Amino acid sequence: MPIALYRVDDRLIHGQVVVGWGQPLDLGFIVLVDDAVTESDWEQELYRLGVPPNMDVYFTSAADAAREIAKYASDSRMGMVLTGTVETMLELTRNSAIPISAVNIGGIHHRDDRTQKLRYVFLNEAEERCIREMAEIGVDVTAQDVPSAPSHPLKDLLGGDAG
Amino acid sequence: MDSGIAPRAIVAGHGALPDGLVSAVDQITGRGNALIPFSNTGLGREEIESGLRDLLALHGVKVVFTDLPGGSATLAARRVLHDTPGLMIVTGVSLAALMDFVFCAPDMPIEQAVARAVDRARSAIVSLVV
Numbered sequence: 006m007p008i009a010l011y012r013v014d015d016r017l018i019h020g021q022v023v024v025g026w027g028q029p030l031d032l033g034f035i036v037l038v039d040d041a042v043t044e045s046d047w048e049q050e051l052y053r054l055g056v057p058p059n060m061d062v063y064f065t066s067a068a069d070a071a072r073e074i075a076k077y078a079s080d081s082r083m084g085m086v087l088t089g090t091v092e093t094m095l096e097l098t099r100n101s102a103i104p105i106s107a108v109n110i111g112g113i114h115h116r117d118d119r120t121q122k123l124r125y126v127f128l129n130e131a132e133e134r135c136i137r138e139m140a141e142i143g144v145d146v147t148a149q150d151v152p153s154a155p156s157h158p159l160k161d162l163l164g165g166d167a168g
Numbered sequence: 009m010d011s012g013i014a015p016r017a018i019v020a021g022h023g024a025l026p027d028g029l030v031s032a033v034d035q036i037t038g039r040g041n042a043l044i045p046f047s048n049t050g051l052g053r054e055e056i057e058s059g060l061r062d063l064l065a066l067h068g069v070k071v072v073f074t075d076l077p078g079g080s081a082t083l084a085a086r087r088v089l090h091d092t093p094g095l096m097i098v099t100g101v102s103l104a105a106l107m108d109f110v111f112c113a114p115d116m117p118i119e120q121a122v123a124r125a126v127d128r129a130r131s132a133i134v135s136l137v138v
């Protein structure tokens, strides 16, 4: 079954991911793509505690995820691929063994070097470049925090106005 | 709120829930000052964790009530717990739990106050069918 959602969310696994998207999509697993988490047993235990018993979490690096994405996409259950940064998602879209057609920007929160684009999306220049690059290679990049909220097109992310 | 009541716990969670719970506790008991609300709204992972650390240090409390067991506030609290001996986290916070907690005598050991609040909160969940 194709991956239901490729999401960028700097909180990684949390309520919006597990409940907000997990329940309507009937997610059976999450692939958490994060080099630091992949190297830390303690971090992995922390995130495992955040998901219900009927949902698996697989931890992988960006490089391994790009190679193994077809394996996840052939799973009979619905799945989500989750990264904490747009840089990681760009690396995945560039190198993925199967094409990634759409990416959901779910939450990138305030930091001093970032400018507000939407209520839940703040980007710095490097992150904007990553999103542009994803769009240039044919990825449909939109922002949407929860399924019931409006989906914002690319121009809302790169236009500079906070919505 | 009664300013003579010292803070005893942080209530952390999503949206306006922490403020709402503390407001409700204060409305019912007059002891809202025993609780410090902390919302994760608009905050990233690191900011939630640092916000919790700051509040714990500022108020000297050892208890964090959170809403969802897998929510970002709980995960941040668990990060703090990792290097904060004696910290206690209670997930699934409810008005019943908080009301019982704020009525615990100041000299009651905090572990006992937390255990009692959890028991009372569990027993407050009932299903009524007509």
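Protein chains in written order, with the working numbering: chain A, 6 to 168; chain B, 9 to 138.
Cβ coordinates follow ideal geometry from the N, Cα and C atoms, glycine included.
Since we're looking at a predicted model, the values are computed, not measured.
- Query: With which residues is H157 of chain A paired in a DSSP beta bridge?
  - Reply: On the first sequence, residue 157 of chain A is found 152 positions in, with the first residue counted as 1. Partner(s): A:A148.
- Item | Start-to-end residues for the alpha helix (DSSP H) that takes in M94 of chain A | As a first step, residue 94 of chain A is located in the first sequence; it is residue number 89 there, counting from the start. Run containing M94 of chain A: V91 to N100, per the alpha helix (DSSP H) assignment.
- Task: Check whether the Cβ atoms of V19 of chain B and R61 of chain B sit closer than 7 Å, and answer yes or no.
- Result: Numbered from 1 along the second sequence, position 11 holds the residue referred to as residue 19 of chain B. Numbered from 1 along the second sequence, position 53 holds the residue referred to as residue 61 of chain B. No, the pair does not count as a contact, with Cβ atoms beyond the cut-off.
- Flag R61 of chain B as yes if its beta-carbon sits less than 7 Å from any beta-carbon of chain A, otherwise no. Mapped onto the second sequence, residue 61 of chain B falls at position 53. So, not an interface residue.
- What distance in whole Å lies between the Cβ atoms of D27 of chain B and S47 of chain B, which are believed to be in contact at a cut-off of 8 Å? Numbered from 1 along the second sequence, position 39 holds the residue referred to as residue 47 of chain B. Numbered from 1 along the second sequence, position 19 holds the residue referred to as residue 27 of chain B. The Cβ separation is near 7 Å, so the contact holds.
- Item | Sequence-distant residues of the same chain with beta carbon closer than 7 Å to A78 of chain A, five excluded per side | To locate residue 78 of chain A, count along the first sequence from 1; it is residue 73. The residues are P7, I8 and I103.
- Given that a residue counts as buried once 16 or more other Cβ atoms are within 10 Å of its Cβ, and exposed if not, what is P45 of chain B? Along the second sequence, one-based indexing puts residue 45 of chain B at 37. Classification of P45 of chain B: buried, given that the 10 Å Cβ count is 16 or more.
- Query: Alpha carbon to alpha carbon, how far is F73 of chain B from V38 of chain A?
  - Reply: Translated into positions along the second sequence, residue 73 of chain B becomes position 65. Translated into positions along the first sequence, residue 38 of chain A becomes position 33. Between F73 of chain B and V38 of chain A, the C-alpha separation is close to 29 Å.
- Query: Which of the three DSSP states, helix, strand or coil, is assigned to K76 of chain A?
  - Reply: Position 71 of the first sequence, counting from 1, holds the residue named residue 76 of chain A. Helix.
- Item | chain A contact residues for E55 of chain B, given Cβ-Cβ distances below 9 Å | Here the question's residue 55 of chain B lines up with position 47 in the second sequence. Near E55 of chain B (Cβ distances below 9 Å), the residues of chain A are H114, H115 and R116.
- Grouping DSSP H, G and I as helix and E and B as strand, with all else coil, what is R124 of chain B? Counted from its first residue, the second sequence places residue 124 of chain B at position 116. Note: R124 of chain B maps to helix in three-state DSSP.
- Using alpha carbons as the reference points, say which of A:V62, A:M83 and A:T88 lies closest to A71 of chain A. In the first sequence, counting from the first residue as 1, residue 71 of chain A sits at position 66. The candidate whose alpha carbon is nearest that of A71 of chain A is A:T88.
- Message: On the DSSP letters alone, give me the boundaries of the alpha helix (DSSP H) that I36 of chain B sits inside.
- Response: Position 28 of the second sequence, counted from the start, is the residue given in the question as residue 36 of chain B. It spans L25 to T37 - the alpha helix (DSSP H) in which I36 of chain B sits, taken as one unbroken run.
- Message: I need the DSSP call for I97 of chain B, collapsed to helix, strand or coil.
- Response: Locating residue 97 of chain B in the second sequence gives position 89, counting from the first residue. Residue state, collapsed to three classes: strand.
- Using three-state DSSP, classify I56 of chain B as helix, strand or coil. Against the second sequence, residue 56 of chain B aligns to sequence position 48. Here I56 of chain B sits in helix by DSSP.
- Which residue comes first and which comes last in the beta strand (DSSP E) that contains M6 of chain A? As a position in the first sequence, residue 6 of chain A is number 1, starting the count at 1. Per DSSP, M6 of chain A belongs to no beta strand (DSSP E) and is neither H nor E.
- Task: Can you give me the start and stop residues for the alpha helix (DSSP H) that Y52 of chain A sits inside?
- Result: One-based indexing of the first sequence puts residue 52 of chain A at position 47. Note, Y52 of chain A: alpha helix (DSSP H), D46 to R53.
- Message: Per DSSP, what are the beta-bridge partners of M83 of chain A in this structure?
- Response: Looking up residue 83 of chain A in the first sequence gives position 78. M83 of chain A is bridged to A:L32.
- Query: In the stretch 82-104 of chain A, which residues sit with their C-beta less than 9 Å from some C-beta in chain B, listed in chain order?
  - Reply: G89
- Start and end residues, beta strand (DSSP E) containing A20 of chain B: As a position in the second sequence, residue 20 of chain B is number 12, starting the count at 1. That run of the beta strand (DSSP E) goes A17 to G21.
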